[in-house]
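Structure first, commentary second.
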Amino acid sequence: MKMNQVRAAWALLAAALSAAPAWGDCKLSQLEIPVRIVNHRPVGTLNLNGTEVPMLIDSGAFFSFLTPSVAAQLNLRLRSLPAGLRIWGYTGSVEARATRVEKVIFQGTTLNNVEFIVGGNELGSGIQGVLGRNFLSMADAEYDLAHGVVRLMFPKGDCDKTNFAYWAGEAPIIVLPLEGGSRGHDTAIQVTARVNDRDVRALLDTGAPRTSLKLRTAKRAGVKESDLTEIGRVGGAGSGKAKAWTGPIETFEFGGEKIHNSQFVIDEASGADQDMLLGLDYFLSHRIYVSQLQRKLYATWNGGAVFARTTPGQYDPRYAARPDDISPDDAAALARRGEASAARGEYERALEDLNRACELEPLAEAHFLARARVHLSMRQFAKAQADLDEALRLHPALDEALALRAALRVSKGERDGALADLQALDAALPPSSHLRAGMADVYARLELVPAALRQWELWMPSHRSDSGMARVLNNRCWLRVRLALDLKLALDDCKESVSLDGGAVSARDSLGWAYLRLDDASRALKAFDAAIEIKPLPMALYGRALAQRRLGNEDAARRDLEAARKQRRHIDDEVRKQGLPVAEDAPASASAATP
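For the sequence shown, the residue numbers in the numbering used here are 4 to 598.
What follows is the structure in structure tokens.
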């Protein structure tokens, strides 16, 4: 289906469904999309050939994607992309193909023969695809994610000078021109912002959980490397990962809004043209209207912290736009608002809404699952399990709930219950399900090797290009190394994991232990050296000490052991519990020493 046909179909439906505010000769019709915020991801639903498919609502994606695993589940025919078309994500290239879905139902509208790209990485949280700007920018769009809603808005009449922030009242309104081409040619929500008094090109991206700044841009804005705190690496739609830090930003200015003393994620990603991403944290703290008609952005502040890692006390609440409250009897709206509050770290407020939603709709398993996630974030494990139990009583095949409960039961030592959940999942899931990698990890914790290996084997064929492949290979290697099983196969997995993700400390550490198991101390030493060069973690230091000792380098071995034990006092016990060899001078096990 061509996009102008899609636009026309939606406009007709929107006109029939709902009228929005009007100003003189300018009238709006709207199509409302319910959005749940799950693990810092905005999620909507499409019906594809009769199957409900959770989709990431991603204003940063130029087109809509399906994961390879869901394409396999739906038996979709794949074909090559048009000649010359290459796709780049935030952290590198995306290996992709194309498909056509015969019947797509979107908020009551039936669309036939809709094109999707197939590729990208699994995002977790049950997400099986990405709803991009070929859907979201077919009209104007209002992002009210703090209330769990995106509205596609269809202006009609004389709207060229209309102020589309119709909800603002007396609150200040941010107004900015959209950068790029005319409507239909460049749909990116791209604007100019200022960081530390320097102009930066910013992309508003609901698919990014947090606002982030490129390292080169941060340096240009005066951020010093000595002020950065390393937080690991970040991924995106691409095949790679990029180093990331947090760093202080003195001022951020956006259409008249000025924010002082923020902490931004700063990364080395190279796959996007923009200087920064304004992520979900910014969308949750603002209500935003994107006018493709006027090529403008309108926004108001909702109140509270604007970015993650900042505090509400830094802002004057008098400047917040207070939207009309939702009905206290609208369970679905309360649940969506509760999930949005949880994404902002406002857990008590989230529970107020989710408690009410559960009371109003005690047969809706999704509300109990959402509340369980909040309890898990608050480390209230007993309450989380009670909600998971109730969700599964209502819907015994709720796969995300089964996966969460299995992991929770293992952490509590409930082996039989965890196995029952895993067996139920295994029977219900399609072979390519994204959940199977996590199931394998739980089986590995239980040291059930054949079951773990089977889950990995089922997951791998439809995830060959997934950025998670390196982690899965490393986990499979590590299980075999710990238990001294099929060590040559373990070595192959570790080598491939390193080749896919050379920046991962864990893969090089596992490789070192694999070589130790194979009595190849020289190669083990090289692998541990490479891991420690990235980050001197205690397991790598301990392994290198053993390699040094086998090579006769006693002084170097002693230094590494001292460093490992200084970082982690009970490192000898931890190594012993993993089933790995320990140093000759290791103290007796703490548990063994207890009378």
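Positions of the beta carbon are idealized from the N, C-alpha and C atoms, including for glycine.
Check your understanding: Taking the Cβ atom as the reference point for each residue, do V599 and P45 lie within a distance shorter than 9 angstroms?
Key -> Residue 599 lies beyond the range of the chain shown here (4 to 598); nothing can be said about it.
Review point. Does DSSP put I574 in a helix, a strand or coil?
Key: The answer is helix: DSSP assigns I574 an H, G or I state.
Check your understanding: When DSSP builds the beta bridges, which residues end up paired with G47?
Key -> Answer is M58, bridged to G47.
**Study point:** Test item: CB-CB of F397 and L432 under 9 angstroms
**Key:** Checking the sequence shown, residue 397 turns out to be Leu, not Phe. No, these two residues do not count as a Cβ contact at 9 angstroms.
Practice item. Evaluate the contact criterion for the region 65 to 75 versus the region 212 to 227: three or more CB pairs, one atom per stretch, below 8 angstroms. Key: Put simply, the region 65 to 75 does not touch the region 212 to 227. Fewer than three CB pairs are less than 8 angstroms apart.
Point to revise | Supposed close pair R298, P180 - CB separation, criterion 8 angstroms | key: Cβ-Cβ separation between R298 and P180: approximately 6 angstroms, consistent with a contact (criterion under 8 angstroms).
Point to revise | Paired residues, beta bridge with G122 - DSSP | key: Answer is A99.
Practice item. Answer yes or no: do R374 and D392 have a C-beta to C-beta separation smaller than 9 angstroms? Key: A distance of 9 angstroms or more separates the beta carbons of R374 and D392.
Review point. DSSP state of A196, grouped into three classes?
Key: Strand at A196.
Practice item. Check A423 in the structure and name its three-state DSSP category. Key: DSSP places A423 in helix when its eight states are reduced to three.
Review point. Taking contact to mean at least 3 C-beta pairs separated by less than 8 angstroms, is the region 506 to 514 in contact with the region 533 to 543?
Key: Proximity of the region 506 to 514 to the region 533 to 543 meets the contact definition, three or more beta-carbon pairs being nearer than 8 angstroms.
Point to revise | Same chain, Cβ closer than 7 angstroms to I329, neighbours up to 5 away in sequence not counted | key: Only H150, A336, L337 and R340 meet the Cβ criterion.
Exercise for review: To the nearest angstrom, report how far apart A443 and G183 are at their CA atoms.
Suggested key: Our two residues, A443 and G183, have alpha carbons roughly 46 angstroms apart in a direct line.
Point to revise | DSSP beta-bridge partners of G348 | key: When beta bridges are read from the DSSP output, G348 appears opposite no residue.
Review point. What number of angstroms, rounded off, separates the C-alpha of L428 from the C-alpha of Q76?
Key: About 16 angstroms.
Point to revise | A221 vs F267 beta-carbon contact at 9 angstroms | key: Yes, they are a contact pair.
Check your understanding: Among R236, Q193 and I574, which has the Cα closest to the Cα of D278?
Key -> By alpha-carbon distance to D278, the top candidate from R236, Q193 and I574 is Q193.
Practice item. On a CA-only basis, which of A369, I269 and I234 is nearest G225? Give me that one, please. Key: Answer by Cα proximity: I269.
Review point. Going by the CB atoms, is the gap between S436 and S72 shorter than 9 angstroms?
Key: In this structure, S436 lies closer than 9 angstroms to S72 by Cβ.
Review point. For E253, which option in H263, G259 and D143 has the closest C-alpha, if you only look at C-alpha atoms?
Key: With respect to the C-alpha of E253, the residue from H263, G259 and D143 having the closest C-alpha is H263.
**Study point:** Minimum C-alpha distance to S465 - residue among G129, R439 and A487
**Key:** The residue with the shortest Cα to Cα distance from S465 is R439.
Practice item. Quick one: grab the DSSP three-state call for S649. Key: The question about residue 649 has no answer here: the residues shown for the chain are numbered 4 through 598.
Review point. Would you report the Cα separation of P175 and V309, rounded to the nearest angstrom?
Key: Cα-Cα distance, rounded: 15 angstroms.
Practice item. Quick one: using the 10 Å Cβ neighbour count with 16 as the cut-off for buried, is A591 buried or exposed? Key: Its Cβ having fewer than 16 others within 10 Å, A591 is exposed.
**Study point:** From M156, I291 and K246, residue whose alpha carbon lies closest to that of G258
**Key:** It is I291.
Review point. Taking Cβ positions, are R236 and D284 nearer each other than 9 angstroms?
Key: No, these two residues do not count as a Cβ contact at 9 angstroms.
Point to revise | Collapsed DSSP secondary structure at I130 in the structure displayed | key: Per DSSP, reduced to three states, the secondary structure at I130 is coil, with no helix or strand assignment.
Exercise for review: Please check the pair L482 and A447, which I expect to be a contact at CB under 8 angstroms, by giving their CB distance rounded to whole angstroms.
Suggested key: Contact between L482 and A447 holds: their C-beta atoms lie close to 5 angstroms from each other, under 8 angstroms.
Check your understanding: Is the CB-CB distance between A493 and V484 below 9 angstroms?
Key -> V484 is positioned such that its CB atom lies closer than 9 angstroms to that of A493.
Point to revise | Sheet register partners of T220 (DSSP bridge) | key: Partner(s): none; T220 has no beta bridge.
Check your understanding: DSSP state of A360, grouped into three classes?
Key -> A360 falls in the helix class under three-state DSSP.
Point to revise | Residues near G129 by beta carbon distance below 6 angstroms, same chain, minus five either side | key: Hits under 6 angstroms: P57 and E403.
Practice item. With a threshold of 16 other CB atoms inside 10 Å of the CB of H573, please say whether the residue is buried or exposed. Key: When all chains shown are included, H573 counts as exposed.
**Study point:** CA nearest to the CA of V293, picked from M141, K580 and S513
**Key:** Minimum Cα-Cα distance from V293 among the listed residues M141, K580 and S513 corresponds to M141.
Review point. Can you name the start and end residues of the beta strand (DSSP E) that G441 belongs to?
Key: Element bounds for G441: not the beta strand (DSSP E) but the alpha helix (DSSP H), L438 to R448.
Exercise for review: Spatial neighbours of G420 within its chain, please: CB distance less than 6 angstroms, with the 5 preceding and 5 following residues excluded, ordered by chain position.
Suggested key: Excluding positions up to five away in sequence, the list reads R412.
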